[in-house]
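Structure first, then comments.
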Amino acid sequence: MLCREKIDDYTILEVNLKAIIDNFNYFRSLLKRDTKIICMVKANGYGIGSYELSKTLQNNGADILAVALADEGVYLRKKGIHLPILVMNTEKYSLNKIFQYNLHPCIYNQNILDATIVETKKQDILHYPIHLKIDTGMHRFGFNPEEIPDVAKILKNQNNVFVQSIFSHLAATADPFLDYFTNQQIKLFIYLSKQLEQLLGYQCQRHILNSAGIERFPDAQFDMVRLGIGLYGISVCTFSHTMGKDRPYGVKPVAVLKTRILQIREIKKGETVGYNRNGILDRDSFVACLPVGYADGLNRHLGNRCCQVFIGGHLCPIIGNICMDSCIIDITDITNKKIVEGDEVEIFGKHITINFLAKKLQTIPYEILTSISQRVKRVYVKI
Numbered sequence: 001m002l003c004r005e006k007i008d009d010y011t012i013l014e015v016n017l018k019a020i021i022d023n024f025n026y027f028r029s030l031l032k033r034d035t036k037i038i039c040m041v042k043a044n045g046y047g048i049g050s051y052e053l054s055k056t057l058q059n060n061g062a063d064i065l066a067v068a069l070a071d072e073g074v075y076l077r078k079k080g081i082h083l084p085i086l087v088m089n090t091e092k093y094s095l096n097k098i099f100q101y102n103l104h105p106c107i108y109n110q111n112i113l114d115a116t117i118v119e120t121k122k123q124d125i126l127h128y129p130i131h132l133k134i135d136t137g138m139h140r141f142g143f144n145p146e147e148i149p150d151v152a153k154i155l156k157n158q159n160n161v162f163v164q165s166i167f168s169h170l171a172a173t174a175d176p177f178l179d180y181f182t183n184q185q186i187k188l189f190i191y192l193s194k195q196l197e198q199l200l201g202y203q204c205q206r207h208i209l210n211s212a213g214i215e216r217f218p219d220a221q222f223d224m225v226r227l228g229i230g231l232y233g234i235s236v237c238t239f240s241h242t243m244g245k246d247r248p249y250g251v252k253p254v255a256v257l258k259t260r261i262l263q264i265r266e267i268k269k270g271e272t273v274g275y276n277r278n279g280i281l282d283r284d285s286f287v288a289c290l291p292v293g294y295a296d297g298l299n300r301h302l303g304n305r306c307c308q309v310f311i312g313g314h315l316c317p318i319i320g321n322i323c324m325d326s327c328i329i330d331i332t333d334i335t336n337k338k339i340v341e342g343d344e345v346e347i348f349g350k351h352i353t354i355n356f357l358a359k360k361l362q363t364i365p366y367e368i369l370t371s372i373s374q375r376v377k378r379v380y381v382k383i
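Everything in the sequence shown is counted per UniProt numbering, starting at 1 for the first residue and increasing by one.
This is the structure in structure tokens:
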């Protein structure tokens, strides 16, 4: 029986950092020269490793990074990342860390704004950059439009913080059938951001576009854009296109989840494999056990022949229930190809895409990537 350390060598998430750079440069090519790019590296870099990703981006032209929580930013600072880092979900208890590690708080309601000003006064901090979020229709975080005058009044009566940027979040940039709503959000954002600037008496940077927005709404670039899932090689647009027919679609996949066969067995017709005897064999079969399960991020709903893996040039179904640390595949149809224990198996990558798995699970690619657990070893390549 293999120990977990040995299994870690078998199951890996291989990340192509060159593809990350290529994707970054692809989106860069869609922007005006002076438009800055905020790269989203929250949730451990969407599951692929925030430090390695941030270091690569820092060395290849990214302007700003963004995380969800202050602790994510603190980790990057301790690892030597010096780019500006936005904290999207600023919490009151995290303000000390934010100031200590020179992180930029995003402010989305009056409680957080008041707490930030109070804390800067306590620490005799002047002119600290904050980023103000306005709700234009996503209805998740952000100041309501009617709150803008009061917010501006609070900000004008102090000098501890200043608004470096104003931003909002688009709800449906990937869906062309909802473009009317996206355009409404953009128009409202233009109006509210101008109103806020007039009340403050100074100009701020503005940003509203996400990955799909960069591709589909070039006129709304403003001063900055926020590049998230597209950086990781996934387009969430409902159709494939770019700014025009003369420019090929350029996003490349960056991650491959792969493992190796631990054991091959011959099982008779009528026998079952796995828990609850769900994997009933309708013929004499050769099956292979893989050291990857739901604790590694392989969703249980992909079992019982719902999905396949790629091995030796063939697709082989996952049979029976997926276990915590393993799953079983049917290799009967390719045993003549001399499949042996130790052979490599692709869970997702070039032949089985993350988008394909997301559709199978009726979810989004984000969930597939971020579900890969930390016990799966990340291996970084530049090819």
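Cβ coordinates follow ideal geometry from the N, Cα and C atoms, glycine included.
The way I'd put it, the stretch 163 to 174 does touch the stretch 132 to 147; three or more beta-carbon pairs between them come closer than 8 Å. Met324 is classed as exposed because its beta carbon has fewer than 16 other beta carbons within 10 Å across all chains shown. Cβ atoms of Leu257 and Lys269 stay farther apart than 8 Å, at about 32 Å. Boundaries cannot be given for Lys268, as no beta strand (DSSP E) includes it and DSSP labels it neither H nor E. Nearest to Asp114 by C-alpha distance, out of Gln100, Ile130, Tyr101, is Ile130.
Membership of Thr120 in any beta strand (DSSP E) is not indicated; the residue belongs instead to the alpha helix (DSSP H) covering 110 to 122. Between the stretch 350 to 366 and the stretch 329 to 341 there are fewer than three inter-stretch CB-CB distances shorter than 8 Å, so the stretches are not counted as touching. Beyond the five residues adjoining it in sequence on each side, Ile186 comes within less than 6 Å, by CB distance, of Ala220 in the same chain, given in chain order.
Straight-line spacing of the CA atoms in Asn25 and Val273 works out to 47 Å.
With contacts defined as CB atoms closer than 8 Å, Ser211 and Gly233 fail to qualify as a contacting pair. For Gln198, the enclosing alpha helix (DSSP H) has its first and last residue at 179 to 200.
Per DSSP, reduced to three states, the secondary structure at Lys258 is strand. One Cα belongs to Ile190, the other to Ile347, and the distance between them is close to 44 Å. It is roughly 12 Å from the alpha-carbon of Thr259 to the alpha-carbon of Ile328.
Counting only residues of its own chain and dropping the five nearest sequence neighbours on each side, Ala19 has a CB closer than 8 Å to the CB of Gly233, Lys252, Pro253, Val254. Taking 8 Å as the upper bound for CB-CB distance, Arg226 and Ala66 are in contact here, some 7 Å apart. Here Leu57 carries a helix assignment [DSSP, helix/strand/coil]. Residues of the same chain with a CB within less than 8 Å of the CB of Asp22, apart from the 5 flanking positions on each side, are Gly250, Lys252 in chain order. Close CB contacts of Ala288 within its chain, under the 6 Å cut and outside five residues either way in sequence, are with Ile261, Ile264, Ile329, Ile331 (chain order).
The C-alpha of Ser54 lies about 8 Å from the C-alpha of Leu76. Going by beta carbons, Ile64 and Leu83 fall inside the 8 Å limit.
When Gly201, Lys360, Leu178 are compared, the shortest CA-CA separation from Phe217 is found for Leu178. DSSP places Pro149 in the uninterrupted alpha helix (DSSP H) bounded by 148 to 156. Annotated as distal: Met224 and Ile339, with beta-carbon spacing of 8 Å or more.
Residue range 365 to 370 is occupied by the alpha helix (DSSP H) that includes Pro365. For Leu227, the enclosing beta strand (DSSP E) has its first and last residue at 224 to 227.
According to the DSSP assignment, Gln362 belongs to no alpha helix (DSSP H), since it is labelled neither H nor E. In this structure, the beta-carbon distance from Asn278 to Gly230 does not fall below 8 Å. Here Ala68 has Lys42, Ala43, Met88, Asn89 as same chain residues with Cβ atoms under 7 Å from its own Cβ, once five neighbours each way along the sequence are excluded. Uninterrupted beta strand (DSSP E) stretches at least 3 residues long and entirely within the stretch 42 to 111 occur at 64 to 67, 85 to 87, 104 to 107, given in chain order. By DSSP's assignment, Ser235 forms no beta bridge with any residue.
Residue nearest to Gly297 within the set Ile318, Pro317, Arg375 is Arg375 (criterion: CA-CA distance). Restricting attention to Phe356, Ile208, Cys307, Val345, the CA atom closest to the CA of Ile318 is found in Cys307. In this chain, the beta strand (DSSP E) harbouring Ser165 covers 161 to 167.
When C-alpha distances from Gly45 are compared across Ser29, Thr35, Phe27, Val15, the shortest belongs to Val15. In this structure, the beta-carbon distance from Thr120 to Ile107 does not fall below 8 Å.
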